[in-house]
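See structure below.
Protein chains: 2
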Amino acid sequence: MLNIKELNTSDASFWQEMQDLLAWESVSDDAVFNTVNGILKDVRTRGDEAVVEYTNRFDRMSAGSMAELEIPAARLQEALNKITPEQRSALQQAADRIKAYAERQKMESWSYTEADGTLLGQQVTALDRVGLYVPGGKAAYPSSVLMNAVPAKVAGVPELIMVVPTPANEVNELVLAAAAISNVDRVFAIGGAQAVAALAYGTQTVPQVDKIVGPGNIYVATAKRMVYGAVGIDMIAGPSEILVVCDGKTNPDWIAMDLFSQAEHDEDAQSILVCPDADFIAQVKASINRLVEEMPRKEIISTSLQGRGALILAKDMDEAVQVANYIAPEHLELSVENPREVAKQIRHAGAIFMGRYTAEALGDYCAGPNHVLPTSRTARFSSPLGVYDFQKRSSLIDCSAAGASELGKIASILAHGEGLTAHARSAEYRIKG
Amino acid sequence: MLNIKELNTSDASFWQEMQDLLAWESVSDDAVFNTVNGILKDVRTRGDEAVVEYTNRFDRMSAGSMAELEIPAARLQEALNKITPEQRSALQQAADRIKAYAERQKMESWSYTEADGTLLGQQVTALDRVGLYVPGGKAAYPSSVLMNAVPAKVAGVPELIMVVPTPANEVNELVLAAAAISNVDRVFAIGGAQAVAALAYGTQTVPQVDKIVGPGNIYVATAKRMVYGAVGIDMIAGPSEILVVCDGKTNPDWIAMDLFSQAEHDEDAQSILVCPDADFIAQVKASINRLVEEMPRKEIISTSLQGRGALILAKDMDEAVQVANYIAPEHLELSVENPREVAKQIRHAGAIFMGRYTAEALGDYCAGPNHVLPTSRTARFSSPLGVYDFQKRSSLIDCSAAGASELGKIASILAHGEGLTAHARSAEYRIKG
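So the sequence lines, in the order shown, correspond to chains A and B.
Its first residue numbered 490, the first sequence is counted upward by one per residue in our numbering.
Its first residue numbered 490, the second sequence is counted upward by one per residue in our numbering.
Here it is, written out as structure tokens:
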């Protein structure tokens, strides 16, 4: 019997217990910081030479030069031919659906002209060059390649540089195939802080990018945080989470498996169920204890559910929604009768999976929306990865002579109010005599 | 005669000189870090008590409680009545124009339904509560209140909490008036890292916010960087910059004053002119040397222009555009004959001011677009502050039974390929038998 925390919204201590349950701070370990800092400086100074050295050391490789670490396009195509036809078709279908959804997110330039001829607007452009970090080894996820690369290409990013470590020359064919399908431009077999540094500062061989996206271990995350400013980065992700809101009428096995699908990621992942039906919660518990035995990742699932999971009894659905808005979960399943009505009451969530058929796993791979989502309650202020993360805006202002004259008067008053005489004079020059 | 750097794109060393000219790294001073770290921890633990203590000490105040540090709404209205009618009208007109532009930026929810009944989309919501940092003392800019508060309110943020230090009880009436005009909900007379901590963690009196925006000194910037994750933040701004691209046919006095309007901000501000006409550059130099004598901020302007400014001779306009795209300036003035054509070639800029009449100062105050813009070449990957910074998106997925069955097959193949059995099983449950 797994020992999973059970909470009741009626308890006086409930909200304090929720706060404790959700508490998560990414540790800024001094040792990690110093290691990463050293690698960043070294790669910035010595370029290719340093990257090759770190790669040979950390990834047990024996590359003689950076050129040897580039994986040519032909090799990606080879991977596409090596995987099974079913896998290839599944990757292609997923990519097509991710692309179709991403197309809807694309921002367009706009402008409007005022009566006096002054034009105002916003010009949207794609980033010039983006770096995509893909973890190697066990956590190598081809779906992650698609989810990061496809929106970048839909945005119109001309050059997409992927890095993926290949420890002891071990490559993941599905990852390379996903890179081929999503039109990644160049791939280097490097990883860790050294790969982040190469992308952020550029080396003789690796071109400098404008933004780095993609998940990685603590060294990669620390490196990304440190190069932020020199380049853009996507979010710093915490452990993955799911909150299932259920009215008690879904098959309890389905709910148990949906909770597992999050818990199996890693020991720190968080799976929570909130439900107004105590009997149903008991049924889900029974399903959990029966089904966990069949899971290859039983140990991880058990540790995650017992350490960070919770089964919450709410008074009613309104209270369940209140809990959901407090948690602001990365993944929110609304396994209820009227999910679209309930969704309207959700103020904070990375992605909302509506109805009993919409398992989170469908969204993880192929529904279309991105699986890179804000974690650790950051959905209160941030959004899923999207095409918009690979585009940026420039304000457009084109004043007519008449417009500049009128605006100049306002600007002059405000600039003098702020004690900025040159601002005022610059505006006053444009006032008609 | 000011000694301003002159560069020529034809020189072999030009691009290396550009790199040196633009180099800017915000110093992470250990002393500042430690001070801020201590204040954050103290406010997080002791709340109001700590905030009051730091405020009394750093701002030379003698408040007995946090409640005494709240500036009531009536006081904001009083400020609105104290300022001159011209100032009030200028503030109101600026606010109206900022609002009109911001309305165009508002993101809306969208969704589409596929043939099998599956719905996909994105739900847009406003942030619940936002904190606005406003510097006190000399750098107190009412325009900054408008530029941060108006888009937040257009986004629909229900609660906007402003903090502004009032050293030795000195308040800036224009700042309070701007707060009244832009419907700020509550104002506290606190500043520094202690104000950032109060907003990020909440105290007994100051409500916890979801995002903190607004400029501040190095302590404020460091505090914002450190609380990022617990709350969202806007960009970390570097020194302000302007790049003027001129074809040589604008009044050189105008160009000189436009360069001053940036240089007068502070010694680290950067003003650069690029022009294909050597004679015109000489004329601008003459204007600079004549006009700087009339400037109350002559010292700051001289230091800024001599330390970080540059006059660049380009071969032609195409090369001038190339320089602009390399710099990715915060403010770009296209003081040329055909500015809209040239603007189409600009890939990176915070704001583009087109034509000889469009002085940057007009955009700083009242043209409509935001004056909070990406600095230090970050326009390569980031955008002006906008309504979108006060909204966030949640993905929507509602699979029909038929849709879930088809997607379940794809997800199952990919999940097995990644070794995630619970993901696969969760998807497979939804495949029709």
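Quick reminder that beta carbons are idealized off the backbone N, C-alpha and C, glycines included.
None of the values given here were measured: they were computed from a predicted structure.
Below-7 Å beta-carbon distance, residue i vs any chain B residue
{"i": "Ala668(A)", "result": "no"}
{"i": "Ala838(A)", "result": "yes"}
{"i": "Arg882(A)", "result": "yes"}
{"i": "Trp743(A)", "result": "yes"}
{"i": "Ser632(A)", "result": "yes"}
{"i": "Cys735(A)", "result": "no"}
{"i": "Met507(A)", "result": "no"}
{"i": "Leu688(A)", "result": "no"}
{"i": "Thr655(A)", "result": "no"}
{"i": "Pro858(A)", "result": "yes"}
{"i": "Ala710(A)", "result": "no"}
{"i": "Ala579(A)", "result": "yes"}
Contacts of residue i in chain A (Cβ-Cβ under 7 Å)
{"i": "Lys700(B)", "result": "Phe870"}
{"i": "Gly897(B)", "result": "Leu851"}
Cross-chain neighbours of residue i in chain A, by beta carbon under 9 Å
{"i": "Met784(B)", "result": "Thr910, Ala911, Arg914"}
{"i": "Cys764(B)", "result": "The premise fails here: Cys764(B) is roughly 18 Å from chain A at the closest Cβ pair, so nothing lies under 9 Å."}
{"i": "Gly721(B)", "result": "Thr867, Arg869, Phe870, Ser871"}
For residue i: DSSP bridge partner residues
{"i": "Gly620(A)", "result": "Ile650(A), Ile701(A)"}
{"i": "His820(B)", "result": "Ile731(B), Ala840(B)"}
{"i": "Trp599(A)", "result": "Gln611(A)"}
{"i": "Gly721(A)", "result": "Lys700(A)"}
{"i": "Ile560(A)", "result": "Val676(A)"}
{"i": "Ser884(B)", "result": "Ala840(A), Gln611(B)"}
{"i": "Cys855(A)", "result": "Looking at the DSSP assignment, Cys855(A) forms no beta bridge with any residue, so it has no partner."}
{"i": "Leu802(A)", "result": "Asn497(A), Cys764(A)"}
Spatial distance of residue i from residue j (CA atoms)
{"i": "Gln581(B)", "j": "Ala669(B)", "result": "10 Å"}
{"i": "Thr498(B)", "j": "Gln594(A)", "result": "39 Å"}
{"i": "Glu880(A)", "j": "Asp537(B)", "result": "A small fix is needed here, since residue 880(A) is Gln in this sequence, not Glu. Cα to Cα, Gln880(A) sits roughly 41 Å from Asp537(B)."}
{"i": "Pro624(A)", "j": "Val652(A)", "result": "8 Å"}
{"i": "Gln508(A)", "j": "Arg866(A)", "result": "11 Å"}
{"i": "Val831(A)", "j": "Ile920(A)", "result": "55 Å"}
{"i": "Ile790(A)", "j": "Leu885(B)", "result": "27 Å"}
{"i": "Arg549(A)", "j": "Val876(A)", "result": "36 Å"}
{"i": "Tyr630(A)", "j": "Val619(B)", "result": "36 Å"}
{"i": "Glu917(B)", "j": "Glu895(B)", "result": "10 Å"}
{"i": "Glu567(A)", "j": "Val812(B)", "result": "41 Å"}
{"i": "Thr847(A)", "j": "Ser776(A)", "result": "19 Å"}
{"i": "Val924(B)", "j": "Asp736(B)", "result": "Absent from the model: residue 924(B). The displayed extent of chain B is 490 to 922, so no value can be given."}
{"i": "Val676(A)", "j": "Lys804(A)", "result": "53 Å"}
{"i": "Leu800(B)", "j": "Asn814(A)", "result": "54 Å"}
{"i": "Phe711(A)", "j": "Phe522(A)", "result": "Just to set this straight, residue 711(A) is Thr in the shown sequence, not Phe. Looking at the two C-alpha atoms, the distance is approximately 7 Å."}
{"i": "Asn827(A)", "j": "His754(A)", "result": "30 Å"}
Contact set between residue i and chain B, taken where Cβ atoms lie within less than 9 Å
{"i": "Met843(A)", "result": "Leu608, Leu885, Ile886, Asp887, Cys888"}
{"i": "Glu575(A)", "result": "Ile902"}
{"i": "Phe749(A)", "result": "Thr910, Ala911, His912, Arg914, Ser915"}
{"i": "Ile835(A)", "result": "Gln612, Thr614, Ser883"}
Chain A residues whose Cβ lies nearer than 8 Å to that of residue i
{"i": "Arg797(B)", "result": "Going along chain A, no residue has its Cβ under 8 Å from Arg797(B), so there is no contact; the nearest lies around 16 Å."}
{"i": "Ile790(B)", "result": "Ala911"}
Closer than 7 Å at the beta carbon, the chain B residues around residue i
{"i": "Pro828(A)", "result": "Asp887"}
{"i": "Leu663(A)", "result": "Gly906"}
{"i": "Pro873(A)", "result": "Arg882, Ser884"}
{"i": "Asp757(A)", "result": "Here the premise fails: no neighbours, minimum Cβ distance about 16 Å."}
Chain A contact for residue i (CB, 7 Å cutoff)
{"i": "Trp504(B)", "result": "no"}
{"i": "Glu822(B)", "result": "no"}
{"i": "Gly553(B)", "result": "no"}
{"i": "Gly852(B)", "result": "yes"}
{"i": "Gln582(B)", "result": "yes"}
{"i": "Leu565(B)", "result": "no"}
{"i": "Tyr846(B)", "result": "yes"}
{"i": "Arg919(B)", "result": "yes"}
{"i": "Ala893(B)", "result": "yes"}
{"i": "Met651(B)", "result": "no"}
Cross-chain neighbours of residue i in chain B, by beta carbon under 8 Å
{"i": "Ile949(A)", "result": "In the structure displayed, chain A extends from 490 to 922; residue 949(A) sits before or after that span and is not available."}
{"i": "Tyr590(A)", "result": "Leu609"}
{"i": "Glu753(A)", "result": "Leu909, Thr910, Ala911, His912"}
**Study point:** Inside the region 863-911 of chain B only - alpha helix (DSSP H) runs reaching at least 4 residues
**Key:** 890-906
Review point. What are the uninterrupted segments assigned as alpha helix (DSSP H) that are 4 or more residues long and contained completely in the region 744-794 of chain A, given in chain order?
Key: 767-780
Check your understanding: Could you give the uninterrupted runs of the alpha helix (DSSP H) lying entirely in the region 506-579 of chain B, keeping only those of 4 residues or more?
Key -> 519-535, 537-547, 562-571
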